[in-house]
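Colleague: One point on numbering: in numbering that gives the first Met the number 0, the residue at position 112 of the sequence shown is 111, and numbering is uninterrupted.
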Amino acid sequence: MHNFFITPKPSRAVPATALLLVSMLALLAALFSAPAQAARIKEVAAVEGVRSNQLTGFGLVVGLDGTGDQTTQMPYTSQGIANYLQQLGITLPAASASSLQMKNVAAVLVTAQLPAFARPGQAIDVNVSSVGNSKSLKGGMLISTPLKGADGEIYAVAQGNLIIAGAGAAAAGSKVQVNHLSAGRIPNGAQVERIVPTPLQEGNTLTLGLEASDFQTARKVAQAINTKFGAGSAQALDGRTIRVNAPMEPDARVTFMAELEELPLQDSVAAAKVVINARTGSIVLNQAVTLGPCAIAHGNLSISINTTPSVSQPNALSGGTTQVTEKSDIQIKAEPGMLIQLPAAPQLADVVRALNSLGATPQDLLAILQAIKAAGALNAELEVI
0 MHNFFITPKP SRAVPATALL LVSMLALLAA LFSAPAQAAR IKEVAAVEGV RSNQLTGFGL
60 VVGLDGTGDQ TTQMPYTSQG IANYLQQLGI TLPAASASSL QMKNVAAVLV TAQLPAFARP
120 GQAIDVNVSS VGNSKSLKGG MLISTPLKGA DGEIYAVAQG NLIIAGAGAA AAGSKVQVNH
180 LSAGRIPNGA QVERIVPTPL QEGNTLTLGL EASDFQTARK VAQAINTKFG AGSAQALDGR
240 TIRVNAPMEP DARVTFMAEL EELPLQDSVA AAKVVINART GSIVLNQAVT LGPCAIAHGN
300 LSISINTTPS VSQPNALSGG TTQVTEKSDI QIKAEPGMLI QLPAAPQLAD VVRALNSLGA
360 TPQDLLAILQ AIKAAGALNA ELEVI
């Protein structure tokens with residue numbers, strides 16, 4: 000349990016270090032301390048409508064070494080194999096289909112990203128994940144699986160041998176496992192069967208959408224395009240959208256877009272952002288993050304409970320029974336909270352030094368950064384992933 004409070008005026012500074020936090024934030028400071036280069040339009044914006052599409056499908060992995068689904072508990076596995084065999088001209092009686100014991104088969108969900116401009120015959124990567132109680136997909140092969148889009152149409156067909164990054168062994172009730180065995184990948188495992196139309200060649204204008212909403216960036220993108228291709232070539236519609244006049248001929252439009260994407264944005268500054276991974280404790284700050292003056296109190300409260308079993312033995316001939324009781328020892332330890340002064344930090348290196356002075360672990364820093372943001376001393380957007 001952690002307690003934090005923030006006061007508007009600093010008190011006294013108490014320096015402290017945390018080796019893991021120092022190493023991580025020092026590396027970030029070194030990366031972001033390099034001279035900034037002008038961003039290109041392709042790095043901050045993309046053509047509206049030119050995007051990838053998610054595909055998914057239900058499939059079966061065969062050839063497992065006895066590590067497949069227990070079909071008595073996973074009826075859709077036996078139903079899936081019965082449907083597949085029926086497509087091959089093999090019809091199973093209803094009683095036989097429901098009692099199939101296939102330890103070498105596992106039901107899986109197959110997902111893929113269909114990139115923009117993908118053409119029939121091109122290969123894309125697929126991810127395969129178990130949806131049953133299969134112990135491992137290692138050594139298995141995915142049989143032909145249609146992959147559908149959000150509209151229910153088939154856009155690709157997947158098939159191939161799985162690559163599993165994990166390893167494991169079990170014997171006599173003991174088990175050792177490294178990484179996941181129930182999910183894998185098939186490089187170039189699906190073949191595109193259908194084209195997804197894109198609006199790149201439609202009309203005499205294109206719409207650029209910024210990756211993040213920012214009026215300053217939208218204005219600079221429009222200015223860069225107008226400087227290169229002439230006044231009136233681009234118009235910023237809002238903080239995220241820029242309308243661009245483009246040639247009608249396909250070849251000329253592609254050449255136009257190639258030149259447009261390479262245009263630099265002078266004096267471009269990324270929006271200040273702190274990205275927090277709550278599961279792993281990872282924290283990443285970009286060079287636009289600044290910190291205002293504040294003071295932080297950080298302390299820990301730990302509770303330890305030890306239980307010791309004790310045996311109560313009755314006297315001889317008393318007719319009583321032996322009883323097992325438990326004796327619990329509870330200890331509560333509260334570490335003193337120190338009021339630590341953090342000065343104003345206009346540069347990323349200054350922010351890193353200020354956060355290092357807290358001596359907090361990355362997990363503690365998650366809560367500290369949120370509290371600083373709530374107090375208005377952190378000039379950045381917090382994003383939790």
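Cβ atoms here follow ideal geometry from the backbone N, Cα and C, with glycine treated the same way.
Please read all numbers here as calculations on a predicted model, not as lab measurements.
Is residue 194 helix, strand or coil by DSSP?
Modeller: Three-state DSSP puts residue 194 in coil, outside helix and strand.
Colleague: I need the DSSP call for residue 328, collapsed to helix, strand or coil.
Modeller: DSSP places residue 328 in strand when its eight states are reduced to three.
Colleague: Using the C-alpha atoms, what's the distance from residue 85 back to residue 41?
Modeller: Residue 41 and residue 85: Cα-Cα distance of roughly 50 Å.
Colleague: Should residue 262 and residue 39 be called a contact, given that it needs their Cβ atoms to be closer than 9 Å?
Modeller: Yes, they are a contact pair.
Colleague: Consult DSSP for residue 57 and reduce its assignment to one of helix, strand or coil.
Modeller: In this structure, residue 57 counts as strand in the three-state DSSP scheme.
Colleague: Is DSSP giving residue 137 helix, strand or coil here?
Modeller: Coil.
Colleague: Buried or exposed: which applies to residue 279, given that a residue is buried once 16 or more other Cβ atoms fall within 10 Å of its Cβ?
Modeller: Per the 10 Å Cβ criterion, exposed.
Colleague: For residue 210, name the three-state secondary structure that DSSP assigns.
Modeller: Three-state result, residue 210: coil.
Colleague: Does residue 323 pass the burial test, meaning 16 or more other C-beta atoms within 10 Å, or should it be called exposed?
Modeller: Counting Cβ neighbours within 10 Å, residue 323 comes out exposed, since fewer than 16 surround it.
Colleague: For residue 244, which of 202, 222, 126 and 152 has the nearest alpha-carbon?
Modeller: If we check each option's Cα against that of residue 244, 202 comes out closest.
Colleague: Work out the CA separation of residue 217 and residue 32 for me, nearest whole Å.
Modeller: Because residue 32 carries a pLDDT of 44, less than 50, the predicted location of this residue cannot be relied on, and no value is offered for it.
Colleague: In terms of alpha-carbon separation, which member of 232, 235, 359 and 205 lies closest to residue 47?
Modeller: That would be 205, whose Cα lies nearest to the Cα of residue 47.
Colleague: What residue range does the alpha helix (DSSP H) around residue 272 cover?
Modeller: Residue 272 -> not in any alpha helix (DSSP H); beta strand (DSSP E) instead, spanning 272-276.
Colleague: For the putative contact between residue 52 and residue 195, defined by C-beta atoms under 8 Å, what is the C-beta separation to the nearest angstrom?
Modeller: So it is a contact: roughly 6 Å between Cβ atoms.
Colleague: Taking the alpha-carbon positions, what's the residue 368 to residue 43 distance?
Modeller: Computed Cα separation, rounded: 27 Å.
Colleague: Is residue 151 helix, strand or coil when you go by DSSP?
Modeller: Of the three classes helix, strand and coil, the one that applies to residue 151 here is coil, per DSSP.
Colleague: For residue 260, name the three-state secondary structure that DSSP assigns.
Modeller: Helix, per DSSP.
Colleague: Leaving out five residues on either side along the sequence, give the residues of the same chain with a beta carbon under 7 Å from the beta carbon of residue 274.
Modeller: Hits under 7 Å: 283, 382 and 384.
Colleague: Out of 319, 295, 296 and 326, state which residue places its alpha-carbon closest to the alpha-carbon of residue 309.
Modeller: Residue 326 is the option with its Cα nearest to residue 309.
Colleague: Use the C-beta contact count for residue 371: other C-beta atoms within 10 angstroms, 16 or more gives buried, fewer gives exposed.
Modeller: Classification for residue 371: buried.
Colleague: Quick one: residues in its chain with C-beta nearer than 7 Å to the C-beta of residue 66, no 5 flanking neighbours on either side, listed in chain order?
Modeller: Excluding residues within five positions, the ones whose Cβ falls inside 7 Å are 133, 134 and 135.
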